[in-house]
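Participant: Next up is a structure, given as structure tokens.
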Amino acid sequence: MCDSGQQKVEEKLPEETLKRWESEQAALKLQVIENNTEEWQEDPLFCGLERVAGVDLSFIKGDDVTACAMLVVLSYPELEVLYEDCQMVAITAPYIAGFLAFRETPFLVEAVLRLQREKPSLVPQVIFVDGNGLLHHRGFGLACHLGVLTRLPCIGVAKNLLLVPGAPGKEEFKDQVKAMQKAGDSFSVTDTCGRVLGKALRSCDKSTKPIFVSVGHQISLDSALRLTQSCCRHRIPEPIRQADIRSREF
DNA sequence: GCGACAG
DNA sequence: ATCTTGTCGC
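What follows is the structure, given as structure tokens:
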């Protein structure tokens, strides 16, 4: 009777925890490198790039705790799966927009460490992360977080636009989306000050719904956008798509 | 004040 | 994230 709609079992975090998370993000943000650090990143054809990775967590229907952490490594430019690591994990942190990293990062870092330990030759040269990088409330999304902790180049790819203080107005946004007619078209997402936080990209001709690319770590936005597009056979870049698909069949 | 809000 | 079949189209 007191039930109004679907209530989610969201743990209430102490205000103090959020403050601690915010300061942790601020501290780690100082280590983010927002430009290219590798030679292949400047090459028009990404010559020298051989391995790209994708990471993703999948959950089960009614279970808010159990998840499957997936890391896949694909060859480039063929985009064939070279490596797959799936681990069932117990999530501790709740989902809070702006703090996704504290929920997923621990398990993704674990997966990268396992790979470095067991198959060093397959360690990726860049990781596609399902979430944002600099396109974030405090300029430090999941892709930045994972990049700093692993010291690997990371690209943030979100399927939906995260509402950040200076981001697009709804009407203007719709018009900009409509203006993208073909695969590869894009427009900048900026903050209040006009700084570019990321790009909305039409990743394929089939879908009109854009994806949102932003810098995670050790790669420029231009290179990130170019590489993302070159990894798109469907709307979602193949590395993330494979991680997503394979994490559900377990 | 209320709502919106990556996965 | 997950709940979900058929259906329209290349």
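Numbering (UniProt numbering), first residue to last: 1 to 250.
Heads up, the beta-carbon is just placed ideally off N, CA and C, and yes, glycines get one too.
Just verifying my parser: in three-state terms, what is the DSSP assignment at residue 147?
Facilitator: helix
Participant: Buried or exposed: where does residue 233 fall if 16 or more other Cβ atoms within 10 Å of its Cβ makes it buried?
Facilitator: Under this definition residue 233 is an exposed residue.
Participant: How should residue 199 be labelled, buried or exposed, when 16 other C-beta atoms within 10 angstroms of its C-beta is the threshold for buried?
Facilitator: buried
Participant: If residue 13 sits next to residue 94, beta carbons under 8 Å apart, how far is it from one beta carbon to the other, in whole angstroms?
Facilitator: Confirmed, about 7 Å.
Participant: Just to confirm my understanding: we take residue 244, look at its own chain, exclude 5 residues before and 5 after, and list those with CB closer than 6 Å. What are they?
Facilitator: 56
Participant: Terminal residues of the continuous beta strand (DSSP E) containing residue 108?
Facilitator: Here residue 108 belongs to no beta strand (DSSP E); instead the alpha helix (DSSP H) covers 101-118.
Participant: Take residue 79 and list the residues in its own chain whose beta-carbon comes closer than 6 Å to its own, dropping the five residues that flank it on each side.
Facilitator: 238
Participant: Do residue 85 and residue 115 come within 8 Å of each other at the CB atom, strictly closer than that value?
Facilitator: Cβ distance < 8 Å, so residue 115 and residue 85 count as in contact.
Participant: Out of 210, 230, 16, 236, state which residue places its alpha-carbon closest to the alpha-carbon of residue 41.
Facilitator: The residue among 210, 230, 16, 236 with its C-alpha nearest the C-alpha of residue 41 is 230.
Participant: Taking 8 Å as the threshold (C-beta atoms), are residue 33 and residue 218 in contact?
Facilitator: For the 8 Å CB-CB criterion, residue 218 and residue 33 form a contact.
Participant: What number of angstroms, rounded off, separates the C-alpha of residue 259 from the C-alpha of residue 118?
Facilitator: Because the chain spans 1 through 250 in this model, residue 259 falls outside it and cannot be assessed.
Participant: With a threshold of 8 Å on Cβ separation, who are the neighbours of residue 109 within its own chain once the five nearest residues in sequence on each side are excluded?
Facilitator: Excluding residues within five positions, the ones whose Cβ falls inside 8 Å are 146, 149, 150.
Participant: Since I believe residue 111 is in contact with residue 69 (beta carbons under 8 Å), could you give me their beta-carbon distance rounded to a whole number of angstroms?
Facilitator: 6 Å
Participant: Considering just the uninterrupted stretch of the beta strand (DSSP E) at residue 199, what are its terminal residues?
Facilitator: Per DSSP, residue 199 belongs to the beta strand (DSSP E) from 196-201.
Participant: Return the residue from the list 73, 156, 36 that minimises the CA-CA distance to residue 82.
Facilitator: 73
Participant: Using 10 angstroms around the beta-carbon of residue 8, count the other beta-carbons present and answer buried if the total reaches 16, otherwise exposed.
Facilitator: Legend: pLDDT at residue 8 = 40, less than 50; position of this residue unreliable, no value from coordinates given.
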